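Protein chains in written order, with numbering that gives the first Met the number 0: chain A, 0 to 247; chain B, 0 to 331; chain C, 0 to 287.
Here a beta-carbon is modelled for each residue, glycine too, at the ideal position from N, C-alpha and C.
Since the model is a prediction, treat every value here as computed from it, not as a measurement.
Structure, as structure tokens:
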Amino acid sequence: MSVIFRTEGLSKHFDSLKAVDGVDFAVEEGTIHAIIGPNGAGKTTFFNLLTGNFPPTSGKIFFRDEDITGLPPHVITRKGIGRSFQISNIFGGLSVFENVRVAVQATYGDFPGIIIRPKWLGEVEEKAHAIIERVGLTPFAHVQAATLSHGDEKRLEIGLVIAASPTLLLFDEPTAGMSLEESKQTMAMLQDLATRHTIVLIEHDMDLVMSLSHTITVLQNGRKIAEGSPAAIRVNPLVQQAYLGTAV
Amino acid sequence: MATAVSGPRTGWRSMIPLLVWAVVLAILPWFLVHVLKSNVALGTNMVIFAMIALGFNLLYGHTGDLSFGHAAFVGFAGYIAAYMILNHGWTFWPVIIVSIIGAMLLAVLLARVIVPRSSGIYFSMLMLASAQVLNFIGERWNSVTGGDDGLQGVLRPTHVLPHSPLNLNNEFNFYVFCAVIAWVLTLLMWRIVNSPFGAVLHAIRENRQRAEFLGYNVVRYKINAFVLSALLPAVGGVLLGYYIGAVNPGEMNWTESGNIVMMTLLGGAPTFWGPIVGAFLFKFMQQYVSNFTQFWEGYIGIVFVGFVLFAPQGIWGLVEAGWRNLRARRAS
Amino acid sequence: MIATIFDGLTRGMLYVLLALGLNIILGLMGVINFAHGSFFALGAYITFTLSTTIGLFPAIIVAALCMAILGMIMESVFIRRLYSRPPEHVLMFTFGAFLIFVQVIRKVWGDEPKPLSPTGWLAGSVNLGFSQYPTFRLLVVAVTIVVLVLVWLMLVRTNLGLTIRAGTRDSEMVSILGINMPMTFTVVFGLGSLLGGLAGGLEGPLYNIDPNMGAIYIITAFLVVIVGGIGSFWGAVVGGLIIGLLQELIVQLIPGGSSAEDIVPFAFMLLVLLIRPRGLFGTEGLFD
């Protein structure tokens, strides 16, 4: 398997706060790679760097050997990286269908059909319905997204993220605030997605992380303190210390 | 905010609102003269501002950017038109084309400078400041703009159609002329708003960050929406010049831009037809309340503030919400 | 020439007070108050009405206090309802309020400009060595300096000041610390409005009082805020003084300059923004 995504010495300093400090990170294609660490470890800041929310203070990011450091989010997305957020980031005032349709449309080029309708409209709508089916939201297709339950919102966001068929998926705490049942469903969905995409996720749910991921990276205070298979991480003394007694 | 468009999007059924609009335009003169005891000229005024508000709302209601300086495009196009008519004797079609191009070039300039550097209320205020600068230039560049008095003596066009000379000095004829233009431009707006491009604008309005993370270059879309939103106000500015027979720098004042904002909100910014409803109502109130009191702007201000506080979706927003409720109840 | 500079400083002091009031509210609450211009105008008009009964200087103080109260009422009764809405709604509300206030002024005081001249001890002039200078103008400078010192002390020495300086971004953080944010907002709005009313009261005897004065000054105040930096105390001070000075210099020293008077703030703002997009002392830009 080849490395599809990696960072070299990635750092982000906010004045004197080193939110991310010299992180070397590599993801193998087709795997599920989890990032864990205590609160304040810099996980979300790390994600924000990966998706171009802001430029790093130093270091580089490579996607398939292409240097994507400092590129804006919409360009990075176009290269095949999709991202979900801790707090569901969807289009509240639009219906579920309209949400997914605009996500699919993004792959069809810029400023389409302002006056004359392009021929691919039907195709976009079919694909949108297929994705809604995949994330299990078909009965809600014409419901306003803001009225969805928390779990359904997260599923909609996953739908938005996979709509452009990205190669790499970044999920920021996909099961946050979910019930046991919903978490299990999300886990199944992630496993299904892993057959077609490479996945990196930030998670606090240790059961999910341990059973799902191939590789785990542990961050603390902005630094990488451990990396390896779930079994290796479980017995790693540094990791246990970082969590201060939390069962790993 | 409710979805900006409701109802079927394709097929002849989706054209029904546009047909209703045509009927409204046809009936309006009769309604104004016989029911409201007013005159056709008020109708022309209403229709021109309906156009201006509709264009403005592409940027506000559909994209989410509130510009407090859109009167700049109305005035700028009006000045170009008046200048060409008075100094070079141009006829209607060259005038309208050049004025539109001029206003949209101005829009490109302002958009490229302001949109990437600001958003939210700062964007609103920078647009206000820009319009004020144009206002000042209009007041002081006497040789070109006629200074405080503006440019006067703009006559109605005579050669609009190739073979038949239309007498547009007749108020009714001029109304029909403006109404036809308004209907065609409404159709254009309808196409834009319901296009895939329009869908992206709505997404940007709902959640800019999410749109960016789907791969959309949000700044470029906003700039394009901005430029398109100047088109209808520009046409309105030219027609206004013909209607009044003059242009003056006060048209670009920020309070004029504020009027555009007010009529759009009153009518219903999150809807397609809201701005038209708002413009009609605003112009009507302007005419009528001013007959009773010289402080009519204060009363309009009170109504406006009331809507901002209690019904920001506007009159048409309330109507559409009521319509949806009715449909939902019938279905269950 | 020196007299011109003093004139510029006097005018600048008005801008400083007005812009500082706007800036305090904007920096903490993210609100651009269009009605700030109305508080300015009402400050002048109330001063005009009261000055014949209680004297000019007391009238100015009372007017400023009235504006503080009016501002607090407006915030707590109306603006508070709009915090959960998109910020454009607050902007539109304050715009509507401004329109209403203009008509109220017209109705109560009429359309004619009101003349207001300093009387009694304020009417004379002081020998500054190089020339005689109007007492009232010196008073404006003195009052503004005193007020600025008080505001500065409040900002650096009190909890309220700390909260204001923490700014909008940290208002969530601050409320977690147990500070009553709703009341803080109201107090800050009152303080900003007080400064606006004070500026108006001082402006009346200097220049003119008419129903449109709010509209003209509010835009200059906003430009000063942009030039100086959003939420910045020193930005308002330096920006206001510079723009006031520039305007006086151009009007008095350049023939035909009075027609360019209104463009000066815009031109200066463009210049500053090109060099420092965040304003002279700004820490956050115009971006969201």
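Practice task
Quick one: which residues of the stretch 37-63 of chain A get their C-beta closer than 8 Å to a C-beta of chain B? List them in chain order.
Solution key: 50
Exercise for the section: Anything in chain A within Cβ reach of residue 56/B, meaning under 8 Å, just list it in chain order. Expected result: Under the 8 Å cutoff, chain A gives no residues; its nearest Cβ is about 16 Å from residue 56/B.
Exercise for the section: Determine whether the Cβ of residue 7/B lies closer than 8 Å to any Cβ atom of chain A. Expected result: Reliability of the predicted coordinates at residue 7/B is poor, the pLDDT of 45 falling under 50, and the value obtained from them is presented with this limitation in mind. Closer than 8 Å: no.
Exercise for the section: For residue 124/C, write down the residues that DSSP places opposite it in a beta bridge. Expected result: 133/C
Problem - DSSP three-state assignment for residue 187/B, whether helix, strand or coil - result: helix
Problem - CB-CB length for residue 153/B against residue 245/B, believed under 8 Å - result: 6 Å
Problem - Local conformation of residue 122/A per DSSP, three classes - result: helix
Exercise for the section: Indicate whether residue 302/B and residue 95/B have their beta-carbon atoms separated by less than 8 Å. Expected result: no
Exercise for the section: Would you list the one or two residues that DSSP bridges to residue 293/B? Expected result: None, per the DSSP bridge assignment.
Practice task
Starting from the Cα of residue 191/C, find the closest Cα among 212/C, 2/C, 20/C and 13/C and give me that residue.
Solution key: 20/C
Handout entry: Min CB distance residue 101/A to chain B below 8 Å
Key = yes
Handout entry: residue 247/C at chain B interface by Cβ criterion, 8 Å
Key = no
Exercise for the section: Return the first residue and the last residue of the beta strand (DSSP E) that residue 31/A is part of. Expected result: 31-35
Practice task
Pull up the CB-CB distance for residue 258/B and residue 281/B, whole angstroms please, since I reckon it's below 8 Å.
Solution key: 7 Å
Handout entry: Any C-beta of chain B under 8 Å from that of residue 97/A
Key = yes
Problem - Beta-carbon gap between residue 86/C and residue 29/C smaller than 8 Å - result: yes
Exercise for the section: Could you list the residues in the stretch 68-80 of chain A with a C-beta less than 7 Å from some C-beta on chain B, going in chain order? Expected result: 72, 73, 76 and 77
Problem - Spatial distance of residue 27/C from residue 34/B (CA atoms) - result: 52 Å
Handout entry: alpha helix (DSSP H) segments (min. 4 residues) lying fully within the stretch 38-110 of chain A
Key = 42-49, 72-77 and 95-104
Exercise for the section: Report the three-state DSSP secondary structure of residue 84/C (helix, strand or coil). Expected result: coil
Practice task
Output the boundary residues of the alpha helix (DSSP H) element that contains residue 95/B.
Solution key: 91-113
Practice task
For residue 80/C, decide whether its Cβ has a neighbour in chain B, counting only Cβ atoms nearer than 8 Å.
Solution key: yes
Exercise for the section: Kindly indicate if chain C contains any beta-carbon less than 8 Å away from that of residue 142/B. Expected result: no
Exercise for the section: Please name the residue or residues paired with residue 19/A in a DSSP beta bridge. Expected result: 11/A
Handout entry: Beta-bridge pairing of residue 2/A - partner residues as DSSP gives them
Key = 27/A
Exercise for the section: On the DSSP bridge assignment, give the partners of residue 131/B in chain order. Expected result: The partner list for residue 131/B (beta bridge, DSSP) is empty, contrary to what the question assumes.
Problem - CB-CB length for residue 269/B against residue 312/B, believed under 8 Å - result: 6 Å
Handout entry: In chain order, each beta strand (DSSP E) run of at least 3 residues that lies wholly inside the stretch 204-228 of chain A
Key = 214-219 and 222-227
Exercise for the section: Kindly indicate the opening and closing residues of the alpha helix (DSSP H) around residue 55/C. Expected result: 55-76
Exercise for the section: Decide yes or no for the touch test of the stretch 63-82 of chain C against the stretch 233-241 of chain C: beta carbon pairs closer than 8 Å, at least 3 of them. Expected result: no
Practice task
Measuring only between beta-carbons, confirm whether residue 181/B sits less than 8 Å from chain A.
Solution key: no
Handout entry: Run of the beta strand (DSSP E) containing residue 139/A, from where it starts to where it stops
Key = Segment: none, residue 139/A is in no beta strand (DSSP E) and carries neither H nor E.
Handout entry: chain B contacts made by the stretch 56-73 of chain C, where a contact means CB separation under 9 Å
Key = none
Handout entry: Proximal chain A residues relative to residue 196/B, where beta-carbon distance stays under 8 Å
Key = 110, 111, 112 and 113
Problem - CB contact below 8 Å: residue 163/A versus chain B - result: yes
Handout entry: Contact belief for residue 99/B with residue 76/B at Cβ below 8 Å, rounded distance in angstroms
Key = 7 Å
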